[in-house]
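Structure first, then comments.
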Amino acid sequence: MLTFFWGINWPFMKIGLADIQVMDFRAVNISASALGFLIIALVKKRNLIPTKRDWIGLIPAAFLNITAWNSLILWGIGQMASGRAAILGFTMPIWATLITIIVIKERLTARQIFGLAAGMCAMLLLLVQDYKLIGQNPMGTASCILAAFSWGAGTVFIRHYQFSLATSAMTAWLQGLGVVPIIVIAYMTVETDWVNIGWASWASLVYNSTVAGVFCYYAWYRIAGQIPIVVSTVSTLMIPVLGVFSGMVLLDEQPGVYEFSALCLVVLAVFLVVIPRRQG
């Protein structure tokens, strides 16, 4: 369910950005999601008061997983086809695995080395094609890659930092803290003409505030907090695949050889990194 709902969300976000400014979209979407998690925590009678130790972890986790990821990836989607942004965004497992290796001091195996190399080649393919547009739009691809790195780092941090809060309460705080810089930036930049927004953009905003913003984040944090990084990242493998093909259906995007080659390399890279070699 997580894979499906997050996969089809990529073209949905592209639709919403047709009428709504990037930061306005995220400011409303994440604020609504945080409110949803707060209501869930209250209904379940969860503890909402973080400990001193929780605060130390909440602030960097909120910045990495909410502020940086959402701002950078949504800006990247606005600069390119949603399918390509999905491919770049979901190089996250490669970054998460690499960070885990560095932080936990695990040794690189041959499979991990080949996997990381394949992931880098995938990004290089898309960067080579984007080279033609460097004079016009140099930052779209870089924004998506940086977003993927931020999400990977945040996932590792949440996995290894033991919060005392339940998932609903923790996510309410993460989204509530992470959306503050986004609201400030949205206030300081160009405002959205809310009166003339089309119904499709409203539908995109509602979907991101409920299904993608509440259910998917809840499912992801439950996964990331309870099982190893190398296992949790497997759940993301098909998300860029759905992102590419749902973009073809909903937005009439036409992925080419570069996109399909990069997609295959990303899947190969994550497979090599997270699936252990059979013994015997």
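For the record, in the sequence shown the residue sitting at position 79 is 79 according to this note's numbering, with numbers rising by one throughout.
Using N, Cα and C, we set each Cβ at its ideal position, and we do this for glycine too.
Since we're looking at a predicted model, the values are computed, not measured.
_Same chain, Cβ closer than 6 angstroms to residue 250, five either side skipped, listed in chain order_ = 11
_Can you tell me whether residue 264 is buried or exposed? The criterion is at least 16 other CB atoms within 10 Å of its CB, across all chains shown._
exposed
*asked:* Can you give me the C-alpha to C-alpha distance between residue 38 and residue 61, rounded to a whole angstrom?
replied: 18 angstroms
_Using a Cβ distance threshold of 8 angstroms, determine whether the stretch 78-97 contacts the stretch 118-126, with at least three qualifying pairs required._
Pairwise C-beta distances place the stretch 78-97 in contact with the stretch 118-126, as three or more of them are shorter than 8 angstroms.
_Give me the residue from 1, 22, 2 and 7 with the minimum Cα distance to residue 190._
22
*Please say whether residue 17 and residue 219 have beta carbons closer to each other than 8 angstroms?*
no
*So residue 281 and residue 172 are in contact, right, with Cβ under 8 angstroms, and what is the actual spacing, rounded?*
Past the edges of the chain, shown from 1 to 280, lies residue 281, and the structure says nothing about it.
*Just curious, the alpha helix (DSSP H) that residue 180 is in, first and last residue?*
167-188
*Please work out which residues of its chain come closer than 7 angstroms, Cβ to Cβ, to residue 20, disregarding the five sequence neighbours upstream and downstream, and give them in chain order.*
192, 197, 201 and 205
*Taking 8 angstroms as the CB-CB cut-off, is residue 176 touching chain B?*
Although the question refers to chain B, the structure presented lacks it and comprises just one protein chain.
_Exposure label - residue 51; buried when at least 16 CB within 10 Å_ = exposed
_For residue 7, the first and last residue of its enclosing alpha helix (DSSP H)_ = 2-7
*In angstroms, rounded to a whole number, what distance separates the CA positions of residue 135 and residue 181?*
In this predicted model, residue 135 has a pLDDT of only 49, less than 50, meaning its place in the structure is not dependable; the value taken from the coordinates is given anyway. Those two C-alpha atoms are separated by around 30 angstroms.
*Between the Cα of residue 209 and the Cα atoms of 272, 32, 9 and 186, which residue gives the shortest distance?*
For residue 209, the nearest C-alpha among the options comes from 32.
*asked:* Contact defined as beta carbons within less than 8 angstroms: I believe residue 152 pairs with residue 96. What is the distance between those atoms, to the nearest angstrom?
replied: 4 angstroms
*Considering only the beta carbon of each residue, do residue 178 and residue 63 sit closer than 8 angstroms?*
The Cβ atoms of residue 178 and residue 63 lie closer than 8 angstroms to each other.
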